[in-house]
Every structure is written in C-alpha cells, then in structure tokens.
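Residue numbers (my numbering): 134 to 424.
Using N, Cα and C, we set each Cβ at its ideal position, and we do this for glycine too.
Accompanying notes for the structure given below.
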Amino acid sequence: MLGECHAHIIMDGKNYKEAVALHKSGVKEEVIRAHFRIWGETGITFVRDGGDALGVSGRAKELAPEYGIDYRTPIFAIHKKGHYGGIVGHAFSDWKEYHSLVCRAKKEGADFIKIMISGIMEFGAFGVLTEEGLPENEIRQMIRIAHEEGMTVMAHGNGDRPVRAAVEAGLDTLEHGNYLKKETLDLLAGSGTIWIPTLAPTGNLLGCGRFPDEQVKRILRCQMDNIRYAFARGAGIGLGSDSGAYLVPHGQGLLDEYEWMKKAVGEEKETELKERLTESESRIKKSAVGK
Ligand SMILES: [Zn+2]
C-alpha cells in the first residue's frame, strides 16, 4: 500500500473550524488516535502531515509508533504575516523571525520545513486563488534559509509564478501546484522537486453542491492534464490526498487520490504509475532529517 504524502491530522474532512476547535484548550489525543486507527485499517503505514499551530501533529508524532505508522511532520507550517497559513502554523514578518521559526521547528522535532508561498483555491471560479503568492526573491530566501539549516522543504504553492520560483530555488516537494504552465512543468520534470498534486480535494467536490460543478470540473481537468504532461516527461510525482480537507476523509482519501491519479495518467500506465509513486515516496522518506 502506498503512503499518504500529504495529510492534516488536525482536520476531519468535514468541518475544519470545528475540528481545529477541538484542540483549542489542549491536544485531544483520542482524535489523533481515531485517525491513526483509520489509516491502520486502510493499510497505510507512511503519513506525512502538513503541520498545525496547536501542537497536534507534534503529539501525533509521539503516538504514531503505537500504530506502526511512520509519521512525519513539520510540526507547524511557516507563512508570511498577513498571508494564508494561520490555521496550519506560525507567521514571520522579517528574516530574523523566519530563521528563528525554522530553528524552533527543528528543535521541536520537525522532519522537514513547511512553507506557504501562495493562497488557496477558489473552487467556485477556475483560475482564481485567494491570493497570488509571495514575491520570487522571498520564496528563494525561505528555501535557502531552511536548506542552510539542513532541512528539506515542503511548499504549499498554487499558481505558475510562485511555483516556478520555488522549483528554481531547489524546492524539495511541491504541494498542490494547480495552474502550472507548460514551461514550469518542463522545469519541474528536469528538477529534483517532487510534486504532490492533491487531486482529491478538487475531485471529491464534484456533485456535492457547494461549488458549481462546471468550475470544479475545469479545475480538475486542468490539473489532470498537467499531471499527464509532467508524468510523460519523467517528473517526480507523489501520492498525497490532503486528507482532512473538505470531503477528503483520512484513509479513504488516499484511495480516492490514487483513482484520480490513475485517471490523470491513463489506466494503461498503472504499472508505471505505481513504480513512480513508490520511488517518490522512498525519496521523501530518505530525505527527512533524522531518519
Ligand atoms: Zn494540505
């Protein structure tokens, strides 16, 4: 069974505000345990989290061995003050603060550094993000500082410009990466960056009624076409469902992600797909600090 390369143990796939609120006055261990049990029942033995601001994924890391799960976390994500990322981490307003957050994550046991370089998807409108993303020089600086501290970098990024800057700066893993242009996909394919395109949070919205289906379909189609293009050019692609996101339950989310991914590259390429996803997963496992 392939591992889950992008999950949020703090969320529940239903209502993130309520899920996060459960831990507001202290980490609720039973919630973490319930999610680990589901992964165990699904046969998932590797999980990589996106971090959170309340210490939930940090506690989860301590509990994971009880479930035979190799669980990796950045502890919390790092975002620039005034930009997206508050629900998953802490903010910086200058480079001194950024550097000390990187050092704090390391000290608290982070396996890698998670950074936020752009906004999130507006699923109701194709091509629209909640914000366009940080300037290129700031993205490069965030990656450089984390690398200098000996940490690999996971970046939440959508939109062509910020993602291209991150890949050029030697980003280790790109999360989501919606709306990339061909040149950036070519660049990605020739780089060491592993792309985790998270199709389930888009695909699983179809028919739910929260957003117009024709917009969701366009977003999904665009991402699937890009995956097929990058896959054919040898890009490192990994399997991660963003489980915990709306309508992406832990466990089942990864099975859904695999089905969407198969549709993207073509059912006839399933054997190669499995091999390539496995290879990306083992690269991710090896690159984490302290393993
Ligand atoms: Zn995520």
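* **Neighbourhood of VAL153 by C-beta, 8 Å cutoff - its chain only, sequence neighbours within 5 removed** => Reading the sequence shown from its first residue, position 20 is the one you call residue 153. For VAL153, where only same-chain residues beyond five positions count, the Cβ hits under 8 Å are ILE143, MET144, ASP185, LEU187 and ILE220.
* Distance, LEU267 Cα to LYS395 Cα -> Position 262 of the sequence shown, counted from the start, is the residue given in the question as residue 395. Position 134 of the sequence shown, counted from the start, is the residue given in the question as residue 267. Taking the straight line joining both Cα atoms gives about 32 Å.
* Measure from the alpha carbon of HIS232 to the alpha carbon of each residue in MET275, HIS156, GLY260 and ASN337, then state which is nearest. => The count along the sequence shown starts at 1 and reaches residue 232 at position 99. Of the candidates MET275, HIS156, GLY260 and ASN337, the one whose C-alpha sits nearest the C-alpha of HIS232 is MET275.
* Asked: What did DSSP end up calling ARG205 once you bin it into helix, strand or coil?
  -> Looking up residue 205 in the sequence shown gives position 72. In the three-state reduction of the DSSP assignment, ARG205 falls in the strand class.
* Roughly how far, in whole angstroms, is the beta-carbon of GLY257 from the beta-carbon of PRO345, given that I think they are within contact range, below 8 Å? -> In the sequence shown, the residue the question calls residue 257 occupies position 124. In the sequence shown, the residue the question calls residue 345 occupies position 212. Contact between GLY257 and PRO345 is confirmed by a C-beta separation of about 6 Å, below the 8 Å threshold.
* **Cβ pair VAL286, LEU313 closer than 7 Å** => Walking along the sequence shown from the start, residue 286 turns up at place 153. Walking along the sequence shown from the start, residue 313 turns up at place 180. No, the pair does not count as a contact, with Cβ atoms beyond the cut-off.
* To do: Could you tell me whether any non-hydrogen atom of ligand 1 is closer than 6 Å to the CB of GLY183?
  => Position 50 of the sequence shown holds residue 183. GLY183 Cβ: within cutoff of ligand 1.
* Buried or exposed (CB count within 10 angstroms, at least 16 for buried), PRO198 -> Taking the first residue of the sequence shown as 1, we reach residue 198 at position 65. Exposed.
* Asked: Within 10 angstroms of its Cβ, does ASP227 collect 16 or more other Cβ (buried), or is it exposed?
  -> As a first step, residue 227 must be located in the sequence shown, where it is residue number 94. Result: exposed.
* **Assigned exposure category for GLY146 - 16 Cβ within 10 Å defines buried** => Reading the sequence shown from its first residue, position 13 is the one you call residue 146. Buried, by the Cβ-count rule.
* Inspect the CB distances between the segment 292–304 and the segment 332–340 and report whether three or more fall short of 8 Å. => They do not touch, by the three-pair rule.
* For ligand 1, any of its heavy atoms closer than 6 Å to the Cβ of ASP305? -> For this step, residue 305 is matched to residue 172 along the sequence shown. Because no heavy atom of ligand 1 lies under 6 Å away, the Cβ of ASP305 does not count as near it: no.
* Asked: Where do the N-terminal and C-terminal ends of the beta strand (DSSP E) with ASP182 fall, by residue?
  -> For this step, residue 182 is matched to residue 49 along the sequence shown. Boundaries of the beta strand (DSSP E) around ASP182: 179–182.
* Out of ASP319, PHE259, ARG237 and THR317, point me to the one whose CA is closest to ALA279's CA. => Here the question's residue 279 lines up with position 146 in the sequence shown. For ALA279, the closest C-alpha among the options ASP319, PHE259, ARG237 and THR317 is that of ARG237.
* Under the DSSP definition of a beta bridge, which residues are partnered with LEU262? -> Within the sequence shown, the letter at position 129 stands for residue 262. Note: LEU262 sits in a beta bridge opposite MET254.
* Asked: Within 6 Å: the Cβ of ASP375 and any heavy atom of ligand 2?
  -> As presented, the structure is devoid of ligand 2, carrying ligand 1 as its sole ligands.
* When DSSP labels each residue in this structure, what does LYS229 get in the three-state scheme? -> Taking the first residue of the sequence shown as position 1, residue 229 is located at position 96. Here LYS229 sits in helix by DSSP.
* **Which residues DSSP lists as bridging MET144, in chain order** => Walking along the sequence shown from the start, residue 144 turns up at place 11. Beta-bridge pairing by DSSP links MET144 to no other residue.
* Asked: Do you know offhand how far LEU372's Cα is from GLU195's?
  -> Stepping through the sequence shown from its first residue, residue 372 is reached at position 239. Stepping through the sequence shown from its first residue, residue 195 is reached at position 62. Those two C-alpha atoms are separated by around 24 Å.
* **Any beta strand (DSSP E) of 3 or more consecutive residues that is wholly inside the segment 315–365** => Secondary structure within the segment 315–365: the beta strand (DSSP E) runs of 3 or more consecutive residues, fully enclosed, are 327–329 (chain order).
* How would you write the range of the alpha helix (DSSP H) that LYS419 sits in, first residue to last? -> Looking up residue 419 in the sequence shown gives position 286. First-last of the alpha helix (DSSP H) with LYS419: 403–420.
* Asked: What residue range is occupied by the uninterrupted beta strand (DSSP E) comprising ILE246?
  -> Indexing the sequence shown from 1 puts residue 246 at position 113. Per DSSP, ILE246 belongs to the beta strand (DSSP E) from 246–249.
* Among residues of its own chain, excluding the 5 on either side of GLU378, which ones have a beta-carbon nearer than 6 Å to its beta-carbon? -> Looking up residue 378 in the sequence shown gives position 245. Note on residue identity: the sequence assigns Ala, not Glu, to residue 378. For ALA378, where only same-chain residues beyond five positions count, the Cβ hits under 6 Å are PRO334.
* In angstroms with no decimal places, state the Cα-to-Cα distance between ARG409 and PRO330. => Position 276 of the sequence shown, counting from 1, holds the residue named residue 409. Position 197 of the sequence shown, counting from 1, holds the residue named residue 330. Between the alpha carbons of ARG409 and PRO330 lies a gap of roughly 14 Å.
* Run of the alpha helix (DSSP H) containing TRP386, from where it starts to where it stops -> Reading the sequence shown from its first residue, position 253 is the one you call residue 386. Contrary to the premise, residue 386 reads as Gly rather than Trp in this sequence. That run of the alpha helix (DSSP H) goes 385–398.
* To do: Take THR411 and list the residues in its own chain whose beta-carbon comes closer than 8 Å to its own, dropping the five residues that flank it on each side.
  => As a first step, residue 411 must be located in the sequence shown, where it is residue number 278. Within the same chain, THR411 has close Cβ partners LEU135.
* **Closest Cα partner of GLY290 within the set GLU316, MET284, THR263 and GLY367** => Working through the sequence shown from its first residue, we reach residue 290 at position 157. Of GLU316, MET284, THR263 and GLY367, the residue nearest in Cα terms is THR263.
* Asked: Would DSSP call ILE220 helix, strand or coil?
  -> Residue mapping note: residue 220 aligns to position 87 of the sequence shown, counting from 1. Of the three classes helix, strand and coil, the one that applies to ILE220 here is coil, per DSSP.
* One or two residues paired with GLY188 in a DSSP bridge -> For this step, residue 188 is matched to residue 55 along the sequence shown. In the DSSP output, where bridge partners are listed per residue, GLY188 has none listed.
* Asked: Is GLU151 helix, strand or coil by DSSP?
  -> For this step, residue 151 is matched to residue 18 along the sequence shown. Collapsing the DSSP output to three states places GLU151 in a helix.
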